[in-house]
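This report refers to the structure that appears directly beneath it.
In UniProt numbering, the protein residues as written are 1 to 842.
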């Protein structure tokens with residue numbers, strides 16, 4: 001087809017049936033389309049650049065972009081939705097708008113043309129696309145599930161689409177190529193997207209690509225970074241009120257329409273259409289469909305035929321694109337266009353399955369595990385709390401086959417959580433889903449919600465040990481991360497997970513601190529990162545946790561919990577990994593560094609390619625675990641550090657190389673100076689969701705994509721003016737035995753270099769200073785020996801303290817009330833890799 005032929009086809013789409021009224025009147029797409037929204041807000045767009053934090057008092061209701069605006073703003077877009085969400089209708093609406101334009105004189109009768117409802121507060125904003133409004137865009141729609149058998153996806157791309165792109169370029173036309181049921185494209189060739197995007201890259205900004213697909217089928221796709229992934233929102237209650245008022249107020253029984261389509265299930269576009277026609281509230285999908293069937297099919301025989309046909313179709317094909325493409329012509333389909341949608345047919349099939357024995361229902365699942373979950377879910381909804389429901393749930397929980405995890409997830413909402421045995425079986429399956437990470441992310445997210453509700457048994461406050469050592473700090477991939485330097489850090493511990501809602505809420509409830517988070521009390525979100533927090537909130541939590549953990553003996557009196565400094569965060573995220581150099585077009589480039597390596601893996605973190613556009617349960621990405629065992633260190637939520645950035649968002653005042661001498665770790669700096677954020681968040685791409693990218697925000701700012709994790713360190717620096725006492729019993733070792741004390745015998749002339757002493761002393765001095773000088777170092781006292789006295793065979797160091805070598809580091813602890821030596825390293829051992837560290841961690 002040529003552009004002109006696509007233009008003609010688009011004009012015809014406007015006359016296709018869309019909604020049906022109780023009177024039987026059929027409304028067309030051009031007169032009854034409801035603008036769809038995507039799960040992406042104006043705040044999300046601003047936060048991609050971390051423009052400015054908001055205080056809790058400044059938080060506003062979300063303002064969503066429309067699906068049409070999402071196409072406008074993205075050259076290549078994958079738009080996903082559940083069955084019945086309105087993907088195909090939106091695609092055809094877009095084509096109609098492109099063919100007619102949306103100016104007043106275009107004659108479109110849609111009552112909501114122009115302004116679009118943006119949130120539950122019924123905020124109405126203009127929907128603008130200048131070129132589309134003036135009919136300067138051509139929409140070319142392809143339903144990949146209806147291609148002739150002789151036309152492969154490859155042929156469609158190399159011939160048909162390529163010709164359209166060339167024609168559009170020759171005629172200087174804007175073009176939107178729409179590929180509906182894009183699952184078919186990926187099944188033919190999973191790598192086809194790279195080639196498809198390469199063709200679009202040749203046609204400047206005038207060519208757009210819109211892929212439409214089922215959420216579950218598309219979520220595991222690995223797309224080029226140039227393709228944006230967004231999902232359609234279900235219809236908001238405010239969106240549904242408009243057409244109910246518009247189309248039913250003038251019909252008979254209009255007075256009874258106040259609750260029509262207000263229920264939860266009516267948020268699905270296809271089910272909304274049935275609820276509208278049958279004047280049903282729509283609390284459950286089964287009630288909507290049953291009410292519609294009762295009003296339109298009076299013969300029990302016809303009803304049985306419709307139900308069995310739907311069930312047969314659910315088993316006939318493993319295609320995830322929808323039963324409507326193989327559904328036999330039904331005389332009832334003309335009564336409402338939504339009848340043939342997957343969402344409706346699955347519910348009708350569920351009624352047929354409802355009449356089967358439990359063993360046969362399980363067999364249905366085994367026969368078609370990708371097609372029957374929606375059918376079985378509907379069957380379970382119909383079974384309610386009956387004994388058959390318990391039997392069916394138990395059968396799935398006891399299943400150990402290849403689809404056991406999915407089966408357990410399928411019945412999760414129907415488990416009696418008061419039944420300890422059943423709840424434990426379900427929890428075991430959910431933990432396996434999370435920890436193994438084999439299922440697609442949407443199913444792992446659901447498992448995370450279930451385990452949160454049941455009580456997540458993982459230790460979400462667990463700490464990972466980061467050993468002392470030197471590592472590469474910084475990156476050449478961004479100017480703000482230059483120069484790269486080698487930094488040595490003493491050992492410390494860091495949270496394996498970000499601080500989660502459950503734990504931060506305990507702090508809030510105990511202290512009364514204000515926390516404006518919609519997730520704070522959600523039982524299914526207890527194990528997601530605590531967000532909407534300022535830097536001050538995070539620090540206050542650390543102070544509180546320090547005291548609590550000391551009381552619980554989880555840490556000693558000499559240890560504290562705090563936010564990580566920037567080098568500590570990066571060390572924990574990347575370990576000893578170094579960037580790899582690559583050559584592209586004769587230009588040498590350095591790779592990004594991720595916790596799992598230097599090659600990008602979209603399923604190793606919650607990032608913008610994951611498509612969630614929200615935080616999720618921690619630990620869902622086991623492939624992204626850091627070298628020291630940290631989860632979610634990139635993506636998910638930006639994490640606060642103690643380190644200062646500066647006042648300019650784009651350029652840091654505190655540049656690399658990192659040094660403490662410029663005051664960048666000043667905890668008392670004013671709020672006008674931004675603090676460093678690390679790791680990226682759910683809306684960050686592969687260039688920001690790294691171990692090295694530096695973000696920032698005002699310390700009083702907060703956002704749903706900002707959280708934190710903790711570090712635990714010793715807080716016992718070098719004792720000033722230390723003098724060796726009369727005996728070991730007089731050393732300043734804590735009386736409760738909670739911490740060791742170190743004595744280091746060292747001398748130097750001059751003290752800065754160790755000159756005139758052996759090489760061991762000169763080499764050991766910098767290492768000892770780095771290990772013990774920082775504020776968070778183990779407590780230690782230097783013993784500067786008198787050189788002439790040292791040469792005397794009977795000197796006090798040898799006879800009283802058993803010190804015969806320089807340097808020597810001795811560890812003392814209080815054991816059963818008595819101070820005893822518990823280890824030492826001498827001379828060259830001090831600088832041997834791991835020796836000093838082993839003494840500290842002993």
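Virtual Cβ for every residue (Gly too), placed ideally from N, Cα, C.
Note that the structure is predicted; figures quoted are calculated from it, not measured.
For residue 486, does the three-state DSSP call read helix, strand or coil? By 1-based counting over the chain shown, the position of residue 486 is 486. If DSSP states are grouped into helix, strand and coil, residue 486 belongs with the strands.
Evaluate contact between the region 676-694 and the region 506-518, counting only Cβ atoms and requiring at least three cross-stretch pairs below 8 Å. Two segments are said to touch when three or more pairs of C-beta atoms, one from each, lie closer than 8 Å; by this definition the region 676-694 does not touch the region 506-518.
Under 9 Å, do residue 629 and residue 596 count as touching if we go by C-beta distance? Residue 629 sits at position 629 when you count from the first residue of the chain shown. Residue 596 sits at position 596 when you count from the first residue of the chain shown. No.
With burial defined as no fewer than 16 other Cβ atoms inside 10 Å of the residue's Cβ, what is the status of residue 6: buried or exposed? Counting from one through the chain shown, the residue named residue 6 turns up at place 6. Counting Cβ neighbours within 10 Å, residue 6 comes out buried, since at least 16 surround it.
State the Cα-Cα distance for the pair residue 802 and residue 735, rounded to the nearest angstrom. Position 802 of the chain shown, counting from 1, holds the residue named residue 802. Position 735 of the chain shown, counting from 1, holds the residue named residue 735. If you take the alpha carbons of residue 802 and residue 735, they lie about 24 Å apart.
Measure the CB-CB distance between residue 472 and residue 599 and report whether it falls below 9 Å. Within the chain shown, residue 472 is the residue found at index 472, counting from 1. Within the chain shown, residue 599 is the residue found at index 599, counting from 1. When the beta-carbon positions are compared, residue 472 and residue 599 stay at least 9 Å from each other.
Residue range of the beta strand (DSSP E) that residue 469 falls in? Sequence index remark: in the chain shown, residue 469 carries index 469 (1-based). It spans 469-473 - the beta strand (DSSP E) in which residue 469 sits, taken as one unbroken run.
Is the region 492-506 touching the region 780-787, taking contact as three or more C-beta pairs under 8 Å? With a cut-off of 8 Å, the region 780-787 and the region 492-506 do not count as touching, because too few Cβ pairs lie within range.
Shortest alpha-carbon distance to residue 844 belongs to which of 219, 158, 246, 128? Summary: the structure shown does not reach residue 844, with the chain confined to residues 1 through 842, and so no result is reported for it.
Got a sec: does the ligand FMN put a non-hydrogen atom nearer than 8 Å to the Cβ of residue 182? As for the ligand FMN, it is missing from this structure, which has no ligand bound.
Tell me, to the nearest whole angstrom, how far the beta carbon of residue 534 is from that of residue 699; I am working on the premise that it is less than 8 Å. Locating residue 534 in the chain shown gives position 534, where the first residue counts as 1. Locating residue 699 in the chain shown gives position 699, where the first residue counts as 1. With a Cβ gap of about 6 Å, residue 534 and residue 699 count as contacting.
Express the C-alpha separation of residue 397 and residue 209 in angstroms, rounding to a whole number. Along the chain shown, one-based indexing puts residue 209 at 209. Along the chain shown, one-based indexing puts residue 397 at 397. For the pair residue 209 and residue 397, the Cα-to-Cα distance works out to about 42 Å.
Where does residue 17 fall in DSSP's three states? Against the chain shown, residue 17 aligns to sequence position 17. Reduced to three states, the DSSP call for residue 17 is strand.
Anticipated Cβ contact below 8 Å, residue 151 with residue 174, distance rounded: As a position in the chain shown, residue 151 is number 151, starting the count at 1. As a position in the chain shown, residue 174 is number 174, starting the count at 1. 26 Å between Cβ atoms; not a contact.
DSSP beta-bridge partners for residue 117? Looking up residue 117 in the chain shown gives position 117. As DSSP reads the structure, residue 117 sits in a beta bridge with 124.
Cβ neighbour criterion (16 or more within 10 Å) applied to residue 370: For the purposes of this step, residue 370 is taken as the residue at position 370 of the chain shown. Burial state of residue 370 is exposed, judged by a 10 Å Cβ sphere holding fewer than 16 other Cβ atoms.
Taking 9 Å as the threshold (C-beta atoms), are residue 562 and residue 626 in contact? The count along the chain shown starts at 1 and reaches residue 626 at position 626. The count along the chain shown starts at 1 and reaches residue 562 at position 562. With a cutoff of 9 Å on beta-carbon distance, residue 626 and residue 562 are scored as not near each other.
From the DSSP output, in three-state form, read off residue 780 for me. As a first step, residue 780 must be located in the chain shown, where it is residue number 780. The answer is strand: DSSP assigns residue 780 an E or B state.
Count the other CB atoms within 10 Å of the CB of residue 88; is the residue buried (16 or more) or exposed (fewer)? Taking the first residue of the chain shown as 1, we reach residue 88 at position 88. Buried, by the Cβ-count rule.
Just to confirm the assignment: which complete beta strand (DSSP E) runs, minimum length 3, are found wholly within the region 587-615? Taking only runs of at least 3 residues, the beta strand (DSSP E) segments lying wholly in the region 587-615 are 587-590.
So which of 552, 512, 475 has the shortest CA-CA distance to residue 567? The sequence position of residue 567 within the chain shown is 567, counting from 1. That would be 475, whose Cα lies nearest to the Cα of residue 567.
I'd like the list of long-range same chain contacts for residue 358, defined as Cβ closer than 8 Å, with 5 residues on each side in sequence excluded. Taking the chain shown and counting its residues from 1, one reaches residue 358 at position 358. Once the five neighbours on either side are set aside, the close Cβ partners of residue 358 are 388, 391, 392, 395.
Quick one: any contact between the region 258-266 and the region 350-368, if contact means 3 or more CB pairs under 8 Å? No, the region 258-266 does not touch the region 350-368.
Please name the residue, chosen from 206, 155, 131, that lies closest to residue 165 on a Cα-to-Cα basis. Within the chain shown, numbered from 1, the residue matching residue 165 stands at position 165. Closest option to residue 165, Cα to Cα, is 206.
Using a Cβ-Cβ cut-off of 7 Å (strictly less than) and excluding sequence neighbours within five positions of residue 616, which residues of its own chain qualify? Stepping through the chain shown from its first residue, residue 616 is reached at position 616. So the qualifying residues of the chain are 445, 448, 528, 606.
Please check the pair residue 13 and residue 140, which I expect to be a contact at CB under 8 Å, by giving their CB distance rounded to whole angstroms. Working through the chain shown from its first residue, we reach residue 13 at position 13. Working through the chain shown from its first residue, we reach residue 140 at position 140. Contact check for residue 13 and residue 140: beta-carbon distance about 12 Å, past the 8 Å limit, so the pair fails to qualify.
Kindly list the residues whose CB is nearer than 8 Å to the CB of residue 179, restricted to its own chain and excluding five residues on each side of it in sequence; keep chain order. Sequence index remark: in the chain shown, residue 179 carries index 179 (1-based). Around residue 179, the same chain offers 142, 144, 185, 209, 210, 211, 212 as residues with beta carbons nearer than 8 Å, after the five sequence neighbours per side are excluded.
When the distance is taken between beta carbons, is residue 270 closer than 9 Å to residue 22? Along the chain shown, one-based indexing puts residue 22 at 22. Along the chain shown, one-based indexing puts residue 270 at 270. In this structure, residue 270 does not lie closer than 9 Å to residue 22 by Cβ.
I think residue 853 touches residue 227, with their Cβ atoms under 8 Å apart; what is that distance to the nearest whole Å? An answer regarding residue 853 cannot be provided, because it is not within the stretch 1 to 842 covered by the chain.
C-alpha distance - residue 608 paired with residue 536, whole-angstrom precision: Within the chain shown, the letter at position 608 stands for residue 608. Within the chain shown, the letter at position 536 stands for residue 536. Taking the straight line from one Cα to the other gives about 28 Å.
In whole angstroms, what separates the C-alpha of residue 220 from that of residue 45? Looking up residue 220 in the chain shown gives position 220. Looking up residue 45 in the chain shown gives position 45. Whole-angstrom Cα-Cα distance: 24 Å.
Within a Cβ cutoff of 6 Å, which residues of the same chain sit near residue 505, ignoring the five residues on either side of it in sequence? For this step, residue 505 is matched to residue 505 along the chain shown. Around residue 505: 520.
At a cut of 8 Å, does the region 195-203 reach the region 229-241 through at least three beta carbon pairs? Touching, no.
Going by alpha carbons, who is nearest to residue 402 out of 41, 368, 376? Your numbering for residue 402 matches position 402 in the chain shown. Residue 368 holds the alpha-carbon nearest to the alpha-carbon of residue 402 among 41, 368, 376.
Between 61, 766, 272, which has its C-alpha nearest residue 86's C-alpha? For the purposes of this step, residue 86 is identified with residue 86 of the chain shown, where counting begins at 1. It is 272 whose Cα lies nearest to the Cα of residue 86.
Do residue 120 and residue 61 count as a contact pair if the criterion is CB distance below 9 Å? Along the chain shown, read from residue 1 onward, the residue named residue 61 stands at position 61. Along the chain shown, read from residue 1 onward, the residue named residue 120 stands at position 120. Here residue 61 is near residue 120, since their CB atoms are less than 9 Å apart.
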